[in-house]
């Protein structure tokens, strides 16, 4: 009963916060409950239901929810599809999670999907195209090869069809980070699916260093 009462007031389990597995959480949705806790107007906390995409090292991402109180002024910081947070996960019940707001979101290594083409395979065998960066964000994730993954909104330009826009993750080597500015038009390769687009960072960097006639 005590545990249920704490849940209703948005108080995460201290045992979970101290001993739970540390993972990365991407905010999917935030639903205010209409319940507030705290000391009146001095320190208001709003109880919300957070839906989070949880990623642990070398495991498939999954969605879980938690009911948690956060400071009223912090609410605008939780942007669905954009905000990353640290989460603690009960290793015996992965659906039991808590937001760990005192810890930076960790970088996690994504699990290799044997049924999906790797970035290297798409670069080796894909169709030439162009990718225009609309937006990019460090996703606090590493590829199975240990390269940092960024989330992109891209406009993809393929010969013979109208340009289209996608949201996709791409590994980005350290030397290519200066190329991550909005509007940059970069060489890329496309697989069979519209979302199978990988920016060719090597070719993109070479275009800046080649001698012009």
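Residue numbers (my numbering): 551 to 763. Here a beta-carbon is modelled for each residue, glycine too, at the ideal position from N, C-alpha and C. Owing to the predicted nature of the structure, the values given are computational and were not obtained by experimental measurement.
Going by CA-CA distance only, name the one from 641, 651 and 608 that's closest to residue 627. 651
For residue 613, collect the residues of the same chain with a Cβ closer than 8 Å to its Cβ; drop the 5 residues on either side in sequence, then sort them by chain order. Cβ within range, chain order: 578, 601, 602, 603 and 604.
Can you tell me which of the three DSSP states residue 712 falls into? coil
Could you tell me the distance, in whole angstroms, from the CA atom of residue 755 to the CA atom of residue 748? 15 Å
Considering Cα atoms alone, identify which of 568, 561, 671 and 679 is closest to residue 597. 561
How many whole angstroms separate the CB atoms of residue 690 and residue 723, which I take to be in contact at a CB cut-off of 8 Å? A Cβ-Cβ distance of about 17 Å is found for the pair residue 690 and residue 723, leaving them out of contact under the 8 Å criterion.
What residue range does the alpha helix (DSSP H) around residue 615 cover? Per DSSP, residue 615 belongs to no alpha helix (DSSP H); it is in the beta strand (DSSP E), 612-621.
Going by other Cβ atoms of all chains shown within 10 Å of its Cβ, with 16 needed for buried, is residue 639 buried or exposed? Counting other Cβ atoms within 10 Å of its Cβ, residue 639 reaches 16 or more and is therefore classed as buried.
Please name the residue in 617, 585, 725 and 682 whose C-alpha comes closest to that of residue 645. 617
Taking all protein chains shown into account, decide if residue 606 is buried (16 or more other Cβ within 10 angstroms of its Cβ) or exposed. buried
Euclidean distance between Cα positions of residue 669 and residue 741: 10 Å
Quick check: residue 595 and residue 621, are their CB atoms within less than 8 Å of each other? Their beta carbons are under 8 Å apart, which means residue 595 touches residue 621 by this criterion.
Helix, strand or coil for residue 521, going by three-state DSSP, please let me know. Residue 521 is absent from the structure shown; the chain starts at 551 and stops at 763.
Counting along the chain, where does the alpha helix (DSSP H) carrying residue 675 start and finish? 669-675
Please name the residue, chosen from 593, 630 and 699, that lies closest to residue 686 on a Cα-to-Cα basis. 699
For a quick check, are the C-beta atoms of residue 667 and residue 725 less than 8 Å apart? no
Beta-bridge pairing of residue 737 - partner residues as DSSP gives them: 680
With a CB to CB cut of under 8 Å and the five nearest residues on each side skipped, what residues in its chain are close to residue 632? 577 and 687
By Cβ distance below 6 Å, which residues in the same chain neighbour residue 583 in space, the five residues on each side in sequence not counted? 597
Assigned exposure category for residue 625 - 16 Cβ within 10 Å defines buried: exposed
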